[in-house]
Amino acid sequence: MPNLLFKRVIRKAKEQIRAKKLLDEDVQETIRWVVLKQDYQAVTVAENQIIYVERDKLYRNKYIVHLKDGTFLETSTQLKEIKELCSDNLVYSHRNYLVNILYITAIQPEGHISKSYNISLVHTSDKVPLTRKNYSEAPDVFFRFLV
38 MPNLLFKRVI RKAKEQIRAK KLLDEDVQET IRWVVLKQDY QAVTVAENQI IYVERDKLYR
98 NKYIVHLKDG TFLETSTQLK EIKELCSDNL VYSHRNYLVN ILYITAIQPE GHISKSYNIS
158 LVHTSDKVPL TRKNYSEAPD VFFRFLV
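As C-alpha cells, then:
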C-alpha cells in the first residue's frame, strides 16, 4: 500500500515538472533577448524590460538603456543595432531615442507650439521627446496615446 502511494506521488511530481518545462519553453519563445556591448563584454537584456534607450549627451558613442526596475545600462551598441535586434515594440521617437510602446502612458504637446511632443512612460518620471517627423511616420502607434 505505501508503495502505491509513493508511485502516485512520483507520477504527480513528474507531471508537474513536465508541465513547468512546457510553460518555460513557451515563455522563452515570447521573450526577445537583446545582446548589448558593455565594456568589451556582451550583456543580455530582455526586450520587455527596456523602457527606453537614449544617446548619451556627453559621450558620442555611448547609449543609456533605461530598464523597468529603475536601473540603467551604459552600452556602446548603437540605436540602429538595438532597433534591429528588437521587435516592432521599440520605435524611434527622436533620432536619439528609442521608446518601448508598451510603457507609453501619454503623449502631450510640448509648449504652445505643437511641432514636437513629450512622451510620458510607466516606471519613470522622465519625459522622452517625440518629433513631428517620427509622429507622422508612425501615427497608428502614437495616436492612441495622444492626450
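If you're matching positions, the sequence shown starts at 38 in our numbering and goes up one per residue.
Beta carbons are placed, not taken as given, at the ideal position from N, Cα and C, and that holds for glycine.
{"query": "Might you give, ordered along the chain, the residues of its own chain that have their beta carbon closer than 6 Å to the beta carbon of LEU183, omitting 5 neighbours on each side?", "result": "ILE144"}
{"query": "Would you report the Cα separation of GLN75 and ILE101, rounded to the nearest angstrom?", "result": "11 Å"}
{"query": "Leaving out five residues on either side along the sequence, give the residues of the same chain with a beta carbon under 7 Å from the beta carbon of ASN98.", "result": "SER113"}
{"query": "Is the separation between the beta-carbon of TYR89 and that of LEU167 shorter than 9 Å?", "result": "no"}
{"query": "For ARG97, which three-state DSSP category applies?", "result": "coil"}
{"query": "I think ASN126 touches LEU139, with their Cβ atoms under 8 Å apart; what is that distance to the nearest whole Å?", "result": "6 Å"}
{"query": "Would you identify the three-state DSSP class for GLU147, choosing helix, strand or coil?", "result": "coil"}
{"query": "Do LEU73 and VAL82 have their beta-carbon atoms positioned less than 9 Å apart in this structure?", "result": "yes"}
{"query": "Could you compute how far the alpha carbon of ASP93 sits from the alpha carbon of ASN171?", "result": "20 Å"}
{"query": "Rounded to a whole number of angstroms, what is the C-alpha to C-alpha distance between ASN137 and LYS49?", "result": "41 Å"}
{"query": "Please state whether the Cβ-Cβ distance between VAL71 and LEU122 is less than 9 Å.", "result": "yes"}
{"query": "What does the alpha-carbon distance come out to for the pair ALA175 and ILE54?", "result": "44 Å"}
{"query": "Excluding five sequence neighbours on each side, which residues of the same chain lie with their C-beta closer than 6 Å to the C-beta of PHE43?", "result": "none"}
{"query": "What do you reckon, are the CB atoms on VAL46 and VAL128 nearer than 9 Å?", "result": "no"}
{"query": "Quick check: the Cα distance between TYR77 and GLU52, rounded to an integer number of angstroms?", "result": "43 Å"}
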